[in-house]
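So my numbering is basically just the index in the sequence shown, starting at one, shifted up by 869.
Written out below as structure tokens is the structure these notes cover.
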Amino acid sequence: MRPVRLPRCMPKRIRIAMRCSLLLLVALVAATANAEPAPSSATEAPIRPVAISQALDRLASGRADSATLVGPTGDLELHVRAGDEHLIAQLTPELTDDVVAAARRGDVPFTVERTRIDTTAGLGGPIEQPFSLSEWMQTWGPMILLAALVIVSAWALKAMGGARFKSRLKPVKSVTRFADVAGIDEIRDDVAEIADVLSNPAPYERLGAQLPKGVILHGPPGTGKTLLARAVAGEAGVPFFSVSGSEFVEVYAGLGSRRIRALFAAARKAAPAVVYIDEIDAVGGRRTGHAANGEREQTLDQLLTEMDGFRNDPSRPVVVLASTNRLEELDPALVRSGRFDRKIAVGLPDRAARREILDVHLRGRPVAVGADPVEVAAMTAGLAGADLAALCNEAAFEAAREGRDDIDLAHFRRALMRLAAGPERRSRVMSEEERRLVAYHEMGHALVGHMAPTCDPVERVTVIPQGQALGVTISLPTEDRFLATRTECMERMTMMLAGRAAEELVFGEFTSGAADDLNRASALARRMAGELAMAMGSTDESLMVGLPARSGERAAEEVERAAQDLVRRAFRDATRLLTEHRHLLEAGAHRLLEAEALEREELGELFGPRPGMERLAPLGA
Ligand code: ADP
Ligand code: MG
Ligand code: ZN
């Protein structure tokens, strides 16, 4: 089994910053909560200024606990404390004798304090309190914390983007080899050549053969473009810089173009090297001149400047590989000669290529003798390399769940279902009534799929909730098809609508469960009526409706009407097929309710042989 790859951890700096912000937040809350009840220091009585005569009276009559004379020279203060009273009186040095006498008379403990040097303080007012950190904190603390919080979180945010990007400027050593990329025979030479020039430029240099600066890998997602770029760097043994186009599209103005500059500077320094820009459409989309896109376009301009600016020193080449799913959306300036002028199409793998990709991902996984990758390849038409990688992993899980120690075909099948529709959720309870409806609905799909000759064979039908659906019918192709005939499109649509047709036929009622079927069917119908010019009627007529180049409201209306027509026709066909084979529909639904799930073999037994048909036979032959 392969090790499970864990997501990369957040950079340490960011984690620290986040923790800081959290702490600050807690402190802030605590401080504000504390600040509410004023600092009523219960032991400190409020100071009350009184006349010296009054203070002396208190002392002489003994109505005081203590007396303190504060001040070495000049202005003096007399502090008299009695219970929770604190009196203060100003006096002159001549009066000190009187104070002493009064204290003696009243028998009040008397002290002299010589601490106050500042003679102006206290004049006419209460004595200044000594500096208290806690009080100071209560006044200013919340504000300081708030400011710190703002600064730290701004820093953390920046660090998050910045740290991640900085790490991009450090090239990695790619360990991927061409052997890890399967099914690329058609483009192998192109990419191998790039790797060759990078690792051994001398012979090319002698002949004056310049390496292209930029190469665009384009094709559907998951077809191995990133993998291929890694493999080029890995085979050539040169540093690999990998960034994503979206990393240049930032909120901070000017950051994107600065990053581009930094990236190219780093690559030049490390040359020979490979720079890989994933999803370049994020920056390389068509320029519009709109202010809203200003930032992105500034970044794109910088990229163009860098591409133009760097003269490849033939002995130390830098190649920029970029990938996109949408080649046609790139700015024309980007694909002009001298920039990304070489394009390599990375398409969906055909059956042979899928087989090779499966082999790569089954390396080191125990596969049962009966599970032939050829068969798995056959039932995975339309899947990309990434899907196949996921399928192998999921199949391994299926085997592990069963406690088996090798993977067989059934595990692949189940994994495929799971990937197609999400995990089955047997725990979700349906009422008996709804289960019955779902069973007829799904059996409707399955029966029509079986009876319509061009439909892919039905692999599995369930009344087990899965993903959003309450039941699932899955058919898998047996061969790769690159063209769809009109009959195929129609029959596919008929099968899509057969669930609802069964509901109506059996219950005389519709449910909301068919919403997804209807959406898919009408999308297909619109495509048929519009761009494919497959509307019903004479050939002339369908052309009239469909011509893709036509636009405008009238044309759109016509297409819509023709699409509606196609949907109606398909629904009628579905109802006709189900009526014709009503007994099979009934039998199938009952079996399905008992078994919850029926596989291809059981369906074959139940429905009998499928009608055969030659798909593209010449007329009159
Ligand atoms: P893309 O960049 O085209 O979206 P990736 O290169 O990221 O696709 O592919 C994702 C994963 O799918 C790869 O890491 C690899 O495991 C698998 N994969 C895709 N294509 C292939 C292939 N041709 N051969 C082997 N594995 C592949
Ligand atoms: Mg990718
Ligand atoms: Zn359905």
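All C-beta atoms in this analysis are idealised placements derived from N, C-alpha and C, irrespective of residue type, glycine included.
The structure presented is a predicted model; accordingly, all values stated were derived computationally and were not measured.
Check, Outcome
"Which listed residue (F1000, V977 and L945) has its alpha carbon closest to that of E963", "L945"
"Three CB pairs or more closer than 8 Å across the stretch 1259-1267 and the stretch 1300-1309", "no"
"Coil, strand or helix - M1387 by DSSP", "According to the sequence shown, residue 1387 is Leu rather than Met. Of the three classes helix, strand and coil, the one that applies to L1387 here is helix, per DSSP."
"Within 6 Å of ligand 3: residues by beta-carbon to any heavy atom", "H1310, H1314, G1368, A1383 and D1386"
"Backbone secondary structure at S1206 - three-state DSSP", "coil"
"Sequence-distant residues of its chain with Cβ nearer than 6 Å to R1430 (five each side left out)", "none"
"Neighbourhood of P1108 by C-beta, 6 Å cutoff - its chain only, sequence neighbours within 5 removed", "P1040, A1139 and A1142"
"A1258 Cβ short of 6 Å to ligand 1 heavy atom set", "yes"
"Residue closest to D1434, alpha-carbon to alpha-carbon, out of R1130, A1102, A1023 and T1363", "T1363"
"Rounded C-alpha distance that separates S930 from L960", "19 Å"
"Nonlocal neighbours in the same chain, by C-beta distance under 7 Å from V1019, ignoring five residues either side", "none"
"Contact test: A1151 Cβ vs ligand 1 heavy atom, cutoff 6 Å", "no"
"Bridge partner(s) assigned by DSSP for T937", "H948 and T980"
"Proximity of V1096 and V1050 at Cβ, strictly below 7 Å", "As written in the sequence, residue 1096 is Leu, which differs from the Val given in the question. Taking 7 Å as the Cβ cut-off, L1096 and V1050 qualify as a contacting pair."
"Cutoff 6 Å; reference Q1167; Cβ partners in own chain excluding five residues on either side", "S1126"
"Range of the contiguous alpha helix (DSSP H) that encloses R1220", "R1220 to L1231"
"Where E1116 falls, given that 16 or more other Cβ within 10 Å makes a residue buried", "buried"
"When R1389, L1080 and M1359 are compared against D1210, the one with the closest alpha-carbon", "L1080"
"Three-pair Cβ contact test at 8 Å for the stretch 1324-1336 versus the stretch 1464-1480", "yes"
"For T1193 and D1177, the rounded distance between their alpha carbons", "21 Å"
"The alpha helix (DSSP H) enclosing E1311, as first and last residue numbers", "E1301 to M1320"
"Straight-line Cα distance separating R1224 from P1478", "29 Å"
"G1154 - DSSP class collapsed to helix/strand/coil", "strand"
"Coil, strand or helix - S1407 by DSSP", "Residue confidence is low: S1407 scores 46 on pLDDT, short of 50, so the model does not pin down where it sits. Its coordinate-derived value is still stated next. Three-state result, S1407: coil."
"P1108 - partner residues in DSSP beta bridges", "K1042"
"A904, DSSP secondary structure in three states", "Here the model assigns A904 a pLDDT of 48, short of 50, so the residue's position is not dependable, and the following value carries that caveat. Residue state, collapsed to three classes: helix."
"CB-CB length for V1243 against D1275, believed under 8 Å", "Wrong, their Cβ atoms sit about 17 Å apart, outside the cutoff."
"Cutoff 6 Å; reference L1199; Cβ partners in own chain excluding five residues on either side", "G1153"
"Buried or exposed by the 16-neighbour rule on C-beta atoms within 10 Å, applied to Q923", "exposed"
"Minimum C-alpha distance to L1067 - residue among A1486, V1189, E1348 and C1324", "V1189"
"Neighbourhood of A1289 by C-beta distance below 7 Å, restricted to the same chain and skipping five residues each side", "I1343"
"Among R1220, P1072, D1219 and V1204, nearest to I1213 - alpha-carbon criterion", "V1204"
"Simplified DSSP state of G994, which is helix, strand or coil", "The predicted model places G994 with a pLDDT of 43, which falls under 50 and marks its position as unreliable; any figure quoted below should be read in that light. Of the three classes helix, strand and coil, the one that applies to G994 here is coil, per DSSP."
"DSSP state of K1212 mapped onto helix, strand, coil", "strand"
"Per-residue burial, K1082 [other beta carbons within 10 Å of its own, 16 or more giving buried]", "buried"
"Environment of A1486 [buried if 16+ CB atoms lie within 10 Å]", "exposed"
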